[in-house]
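Okay, structure first, notes after.
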Amino acid sequence: MSLASRTRTAALLAALTAGAAGITTWAYGYTTAPRPAAPQAPLRPSVTQGTVLQVVAHPDDDLFFMNPDLSRSISTGVKVTTVYLTAGESDGRNEAHSPHLQDPTRPADHAAYAEARQNGIRAAYAEMATGRRTSAWQRTSIPTTGGGSAEVDVLLARPEVNLVWMQMREARSISGDNPDSLRGLWDGKVPALGSQLASGTPVASPFSYTKEQAVQAIANVFALYKPTTIRTQDPTPGRTRPAGAFLDHQDHMYGARFVQAATERYAASADRPHFSVQNYVSYPNSSLPPTLDAKAAEEKLGYLKTYAWSDHQDWCGSPAGCGDRKTATRPTGAGWNQTIRYSRGESTTWMTQGTPGRLYAFAALDGQMAYWTRPTPAADWQGPRFLPATAPGTTIDAGASTARLPDGRIAVLATRTTLGTTPQDYRREAVYALQSAPGADFGPWQSLGTPDTGDTSATTALGAPTATADATGRITVYVRDSRRTLHARTQPAPDTAFGPWQTLGGTGLQGDPVTATDSAGRRHVYAATDTTVLAWTQPAPGAPLAGPFPTNLPATTGVLSATPQDDGVRLSFRRPSAGTVTTTLATATAAAPGFTPPADAGGEGGYGAIATAGHLLAGRAATGTAAVTLPGRAPAWSESQMLYTGAPAAVTAPDGTGLAAALGLDAGLHLTTTPTPTPSPTPGGPGGSGGPVPWHRAVAPTALAQAARQGSGWHG
């Protein structure tokens, strides 16, 4: 999109931004308090800021797979834009898939069905933002790359809420090899992919995109809105077996690959703030334990029913229909209203101590690895700085984990995606970077490769690595492969090349493995399945890792954290369908490890990873905001007014003070500290020493980031 086009569009919509409504608190029973005026004190409590841009393949992918993150972002008043890559025209019939519910005399009308889905989406977003599905929209056509056009919808009552309809043709099949699809365009089976315009759209003429034009068109949307958080689907969900059926809809995964390519292009531009990427699991959620509590699931279902036009009242006056009747027969999806799950960025070990008193925090920003440092407890945080860049055409995926060597050096680990110039070039590998000396700069990225050597197409489903260092400084890396088994790779001696990948076994692993070393020097590794947790432990320091052992622990939501405690390891996780935090203390023996009875940490549920450090727990509260708790204290969760992306992290200072961190939607590092708990003055009573310091930004944002939060894109 040209600068002139953007200028004309901004002028056209400038009036829409005047007198914008304040923060909406309506959200199916959940409320978010209005932001307080910023205090004059240097420490400003964190609130949700930034610009969020979501890109999905079809209308309803956002409602099924990105909520409640979506509705809670809207309720806080941040700028939220959703981009729909395809028209979602399917079979062109706005009725149930079931043959006995279909009208065989009704001809297919792809344009009308696409319009019906648009009507349902606008109603759901209006309801999330204003509480009224009939809240008005301004609809405009804007030019894109290669002679194409996109429809942009602006919610008049909340002009910071936008929808962008790219209206490319969908595959019309979950896995079928249809060349006229995003998959066919990515793989080079068609030179261009045509449009499928919805009836009633302001876009006047059909168009088509080459692969290059499609990538550039998406990148131009990024450049216009300048997001600080990009949400997208999983580009690498894997297959049922080598070369078998996709685990997800092909439009989901190939649409996400187009987003990866566009994100890399957007990152190369200078006129933008820092940004992070969050990937979401889609269809595979149906076979995994629910992550949301009943209240959050009901809230999510309410918006899906609005989209599905469940009451069938003609509130929109469109012959195409006011929503998606296919969804109306099962608005819960395959249990998707009960779940939200991230496919990347769930490690809680991205903050760590290097040399005594010096802290590091890492995050994937702009497709590269960024880090912040605090040299001493009395010093200010500095950053973000960036590790050496990867080669052109490669990006660091969301998430980071760390390992501390005995001399205080830090190794940071991640996965790296190579986009390549041909479809066969697309791949993923584990990588690490190591400090040359304690407190020094990081060396270049080094490849750990992948244990998925037998099927190159499966390497893209590689999980995120985690690592630990033994008393001599040898690093061992653990990773879940595409077949969902555990593998490890170890240095034979400190600062040497890694040995080959070794198979450690286990089946059906979900999420990523976690590891910790107890006070005796015995290493523990844990990984969740859909029904329990598996364990690998050293019977003695330096002994080979044994396992997998059954733990008889209950099902989890798939994300674990492990922290050394006394002579064992504290394992923390969330309960399915409730989200409450549960912990158990694991101890290694010469035989199988033992576990204390799982106990709830207290407080309401939430979702996502839990970071632990001593008595400190950090994670999402039931409202989705960053929160911390000290077990046995009241209130159980101390919440903030800040939404964040990925997973939190936590460390304990030598004096017992806890420090928790999270990456805000503004792509900034945010922190809170908690005091050391003190014994209760009365037997069985609560401890003392007050509550946590409010969450606050570690480093003041740059002028560009400030400008991005104040206004960008079509919403003014």
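The UniProt record's numbering numbers the first residue of the sequence shown as 1 and each following residue consecutively. The beta carbon of each residue, even a glycine, is placed where N, CA and C say it ideally should be. Predicted model only: the values in this text are computed from it and were never measured.
Residue burial classification, residue i (beta-carbon count within 10 angstroms, cutoff 16)
i: I230; result: buried
i: L43; result: exposed
i: D567; result: exposed
i: D425; result: exposed
i: residue 721; result: Given a span of 1 to 716 for the chain in the structure shown, any question on residue 721 remains unanswerable.
i: R428; result: buried
i: N552; result: exposed
i: E170; result: buried
i: R385; result: exposed
i: R72; result: buried
i: R106; result: exposed
i: P692; result: buried
i: T329; result: exposed
i: D271; result: exposed
i: Q213; result: buried
i: D311; result: exposed
i: S75; result: buried
i: G148; result: buried
i: S447; result: exposed
Three-state secondary structure (DSSP) of residue i
i: L413; result: strand
i: M369; result: strand
i: E513; result: A small fix is needed here, since residue 513 is Pro in this sequence, not Glu. In this structure, P513 counts as strand in the three-state DSSP scheme.
i: P34; result: Legend: pLDDT at P34 = 37, less than 50; position of this residue unreliable, no value from coordinates given.
i: G184; result: helix
i: V628; result: strand
i: P423; result: helix
i: W536; result: strand
i: D62; result: helix
i: E429; result: strand
i: R620; result: strand
i: Y478; result: strand
i: S73; result: helix
i: L405; result: coil
i: R325; result: helix
i: L448; result: strand
i: L643; result: strand
i: A364; result: strand
i: A520; result: coil
i: A493; result: coil
i: V215; result: helix
For residue j and residue i, believed in contact at Cβ under 8 Å, the rounded distance
i: V164; j: W137; result: In fact, because the Cβ distance is near 12 Å, the residues do not count as touching under 8 Å.
i: Q216; j: T395; result: 17 Å between Cβ atoms; not a contact.
i: V281; j: R341; result: 4 Å
i: V78; j: G50; result: 6 Å
i: D518; j: A588; result: 6 Å
i: A320; j: A112; result: 4 Å
i: Y225; j: L53; result: 5 Å
i: R133; j: T306; result: 5 Å
i: G473; j: L405; result: 5 Å
i: L365; j: H274; result: 5 Å
i: Y644; j: L665; result: 7 Å
i: Q167; j: V190; result: Contact doesn't hold; Cβ gap of about 17 Å is too wide.
i: S640; j: A626; result: 5 Å
i: G345; j: A647; result: 6 Å
Close-in-space but distant-in-sequence residues of the same chain around residue i (CB under 7 Å, 5 per side omitted)
i: S173; result: none
i: S269; result: A223
i: R484; result: T507, G508 and L509
i: C316; result: N119 and C322
i: residue 771; result: Summary: the structure shown does not reach residue 771, with the chain confined to residues 1 through 716, and so no result is reported for it.
i: D481; result: P451, D452, L462 and H487
i: Y125; result: L155, V161 and L163
Interface flag, residue i vs chain D, CB-CB below 9 Å
i: S638; result: Annotation note: the requested chain D is absent from the structure, which comprises a single protein chain.
Neighbourhood of residue i by C-beta distance below 8 Å, restricted to the same chain and skipping five residues each side
i: P576; result: P289, P290, T291, A555, T556 and T557
i: A601; result: S572, T580, V581, T582, T583, L617, T629, P631 and A636
i: T657; result: T673, T674, P675 and T676
i: Q435; result: G354, R409, I410, A411, D441, F442 and G443
Beta-carbon contacts of residue i that lie in its chain and below 6 Å, excluding the five residues immediately before and after
i: Q338; result: P290, L292 and A297
i: A57; result: L85, T86, D251, H252 and G255
Exercise. Which full runs of the alpha helix (DSSP H) of 4+ residues lie inside the segment 95–176, going along the chain?
Worked result: Runs of the alpha helix (DSSP H) lying entirely within the segment 95–176 and spanning at least 4 residues, in chain order: 110–130.
Problem set entry | Whole alpha helix (DSSP H) elements within the segment 254–322, 4-residue minimum | Within the segment 254–322, the complete alpha helix (DSSP H) runs of at least 4 residues are 294–307.
For this session: Let me know the beta strand (DSSP E) ranges lying completely inside the segment 545–605, each 3 residues or longer, listed in chain order.
Result: The segment 545–605 contains these whole beta strand (DSSP E) runs: 546–550, 561–565, 568–574 and 581–587.
For this session: Report the residue ranges of all beta strand (DSSP E) runs contained in full by the segment 369–400; include only those spanning at least 3 residues, in chain order.
Result: The segment 369–400 contains these whole beta strand (DSSP E) runs: 382–386 and 394–396.
Problem set entry | Start-end ranges of the alpha helix (DSSP H) lying completely within the segment 325–350, minimum 4 residues | Runs found: 325–328.
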